[in-house]
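The structure appears below as structure tokens.
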DNA sequence: CATGCAGTTCAAAACGGCTTGAACTATATG
DNA sequence: CATATAGTTCAAGCCGTTTTGAACTGCATG
């Protein structure tokens, strides 16, 4: 919602070297990526690097997207860990430069696998424990135990759906891989 | 972080009539439902009603889950709107009672349909606008335009994946429907 | 129509996640 | 080694979301 302010401000204090179209596109990607459960700014950084198609330094990213030094450092670390951004050292320069890998969905899959699945596993464990506690408790009706069991089905179903989702994004959407490849030269 | 105070209090002011096993199970469902993008307490209310298998009044829910009057009112309204909780009037009683519908996934589908799709649609529109702006701008390289187009593919793919997810949760996981049915009697 | 209880609304408070920025460490360079 | 610049860390603050609770509406009842 604040995003609209900039129109009213004639002379921004930060010159905002970003073109308007870049800004719109970068924010849009930020939104998609946030939808997928990541930080908005992770998507924005990736989008900037992808759009520019040049390796930028952290300082440049910081200036273009108006983020803090510390923030950029952390964002880049995440993106690098998920292998959607590459850290490259240019000969003449003392600073690292960062470059977009083209496979953004890689990120989604990686994180869903490492983070979401363990989360669901934990929930399933909790439900199992609840059932054990209920049984130990005595005087818990059989129907109630049955309902607990059915709740476990809910967690299992969630896990199954997640797996299918991943597989889907790999096969159906999989074309994306290639879509993002081979567009380097002008 | 302030939330830790309660540990110091030896005798809880609220006796917490919930059994431990109920508590564990209810919180677990709260977590699943939060994972699906809803409020934790929406899941907890549903879970309480489902576990007890009795229609409870708002006041009872309020006491059992230690929520506020206003909060329960809003949570129940949401759950009712999504048709996962039923409002029933018992003859002798002047207050409404609430009962769990068995199809919790209904909620997920409803909201994804009404909320997430329009969100993605908006993102796609933004990216399209960015491309138009870039073209109008002039001196934007053809490769850059191409990259914008490819970003649109990202949003489209997200939408497609979402649709498949819905279909999946309806068919594959669809067994859940029946799983939650016909367990009413002891 | 006064009383009391069920239910709703919404401004304010609490909460949680993200970002900031200052202090720190690491690394290159003369 | 001294200096400068790049990069990291994390406590504190910011900001959006959720929850609270008091005031309110609606409704049944005497």
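Protein chains in written order, with the working numbering: chain A, 23 to 208; chain B, 23 to 208. Here a beta-carbon is modelled for each residue, glycine too, at the ideal position from N, C-alpha and C.
Inter-residue CB distance, residue i and residue j (contact presumed, cutoff 8 Å)
i, j, result
"residue 210 of chain A", "residue 157 of chain A", "Only positions 23 to 208 of chain A appear in the structure, and residue 210 of chain A is not among them; the question remains open."
"residue 176 of chain A", "residue 54 of chain B", "6 Å"
"residue 42 of chain B", "residue 149 of chain A", "Not confirmed; about 13 Å, so no contact."
"residue 134 of chain B", "residue 184 of chain B", "7 Å"
"residue 120 of chain B", "residue 98 of chain B", "6 Å"
"residue 107 of chain A", "residue 71 of chain A", "6 Å"
"residue 122 of chain A", "residue 68 of chain A", "6 Å"
"residue 48 of chain A", "residue 78 of chain A", "Wrong, their Cβ atoms sit about 13 Å apart, outside the cutoff."
"residue 152 of chain A", "residue 152 of chain B", "Incorrect: roughly 49 Å between the Cβ atoms, too far for contact."
"residue 100 of chain A", "residue 169 of chain B", "22 Å between Cβ atoms; not a contact."
"residue 52 of chain A", "residue 66 of chain A", "4 Å"
"residue 60 of chain B", "residue 129 of chain B", "7 Å"
"residue 84 of chain A", "residue 91 of chain A", "6 Å"
"residue 117 of chain B", "residue 94 of chain B", "Actually they are not in contact, since the Cβ atoms of residue 117 of chain B and residue 94 of chain B sit about 12 Å apart, beyond 8 Å."
"residue 131 of chain A", "residue 188 of chain A", "6 Å"
N-terminal and C-terminal residue of the beta strand (DSSP E) that residue i is part of
i, result
"residue 110 of chain A", "107-111"
Where the alpha helix (DSSP H) containing residue i begins and where it ends
i, result
"residue 68 of chain A", "62-74"
"residue 58 of chain A", "From DSSP, residue 58 of chain A is part of no alpha helix (DSSP H); its letter is neither H nor E."
"residue 127 of chain B", "127-133"
"residue 88 of chain B", "Careful: residue 88 of chain B lies outside any alpha helix (DSSP H) and carries neither H nor E."
"residue 148 of chain B", "139-159"
Residues that residue i bridges to, as DSSP identifies them
i, result
"residue 122 of chain A", "A:107"
"residue 78 of chain A", "A:120"
Counting only Cβ-Cβ distances shorter than 8 Å, please list the residues of the stretch 50-61 of chain B near chain A, keeping chain order.
50, 51, 53, 54, 57, 58
Return the residues of the stretch 159-180 of chain B that lie within a Cβ-Cβ distance of less than 8 Å from chain A, sorted by chain order.
Result list: 159, 162, 163, 164, 165, 166, 168, 169, 170, 172, 173, 175, 176, 177, 179, 180.
Residues in the stretch 146-157 of chain B having any Cβ partner in chain A nearer than 7 Å:
148, 149, 151, 152, 155, 156
Could you run through the stretch 120-137 of chain A and flag, in chain order, every residue whose CB is less than 8 Å away from some CB of chain B?
Only those residues of the stretch 120-137 of chain A whose C-beta falls short of 8 Å from the nearest C-beta of chain B are listed: 126, 127.
When Cβ atoms are compared, which residues of the stretch 71-104 of chain B fall closer than 9 Å to chain A?
The residues in question are 72, 73, 74, 75.
Name the residues in the stretch 105-118 of chain B whose C-beta lies less than 9 Å from a C-beta of chain A; which are they?
none
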